[in-house]
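Asks: Shown below is the structure under consideration.
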Amino acid sequence: MKKSGWVIFNTFIFAVACYIIVQYFIMDGTQAGLVQMKLLFLDKLSPLWYMMLFIHIKTSLVSLIIGPFTLSKTFREKNLKRHRQFGKVYMVGILFGGLSGLYLAFYATGGLIAKLGFGFLALLWLQSAYKALRMIRQRNISAHQYWMIRNYSLTFAAVTLRLWLPLFMVLFGLENFEVSYAIIAWLAWVPNLIVGELIIKYTKHQETNIEANLYPRSLKN
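The opening residue of the sequence shown carries number 1 in full-length UniProt numbering; numbering runs sequentially from there.
So this is what it looks like as structure tokens:
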């Protein structure tokens, strides 16, 4: 990714991280926008739901912030030990964030479509993290990096969800929130995953070109 792209990418992460910190850590988390929106459609939320929400928010936030460091080639090459340490913290965040997210998916506003959208997100988030961990244990560095790209594209749903929400509120209004949220449950992560696959395809293409330049066909023959 070009430097300008990294700046925009990290700016979105920083803005959403600050928003989450203000909503759930500085202010009373029970008054956060998501909670208040759910209370419009429900009389009350269980203590277990609140506990799972805060586990999800805290652990997912850690992974969201750490993720760019684990993806950065420059950081990895200069700080391999820290890269490994950050990677372990990132994986723990995904484990707890994914499991709590799966629980929360069963209670998602927007009906079955929303529940399925967030449920698949949680499952794919956990599965791609497992694949990335398995690949690095097998010392398959390239495959590990590709799975990390896929995984962080799902982590980035924390950002894209909060970009889509206000846009849908402006376009379709609060009265259509349930329908909008059902759409966002898929829109928050499916395009991200497609972009992730395009990045992987581009990376593979670049690696093939580098290899071709290092080992011309005449030398191979």
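Idealized CB from N, CA, C, for every residue including glycine.
For residue 193 versus residue 153, is the C-beta spacing smaller than 8 Å?
Replies: Yes, they are a contact pair.
Asks: To the nearest angstrom, how far is it from the Cα of residue 203 to the Cα of residue 45?
Replies: Those two C-alpha atoms are separated by around 45 Å.
Asks: Taking buried to mean at least 16 other C-beta atoms within 10 Å of its own C-beta, is residue 205 buried or exposed?
Replies: Result: exposed.
Asks: Leaving aside the five residues before and after residue 147 along the sequence, list all residues of the same chain whose C-beta is less than 7 Å from its C-beta, in chain order.
Replies: Within the same chain, residue 147 has close Cβ partners 128, 131, 132, 135.
Asks: Can we say the segment 103-117 touches the segment 152-171, given the rule of at least three CB pairs closer than 8 Å?
Replies: The answer is no - the segment 152-171 does not touch the segment 103-117, with fewer than three Cβ pairs under 8 Å.
Asks: Hey, could you find the ends of the alpha helix (DSSP H) residue 81 is sitting in?
Replies: Start and end: 80-105.
Asks: Residue 87: which of 67, 199, 167 sits nearest, CA to CA?
Replies: Ranking 67, 199, 167 by Cα distance to residue 87 puts 67 first.
Asks: Please report the straight-line C-alpha distance between residue 25 and residue 33, rounded to a whole angstrom.
Replies: Approximately 13 Å, taken between the alpha carbons.
Asks: Inspect the beta-carbon positions of residue 105 and residue 118 and report whether they are closer than 8 Å.
Replies: For residue 105 and residue 118, yes; Cβs fall inside 8 Å.
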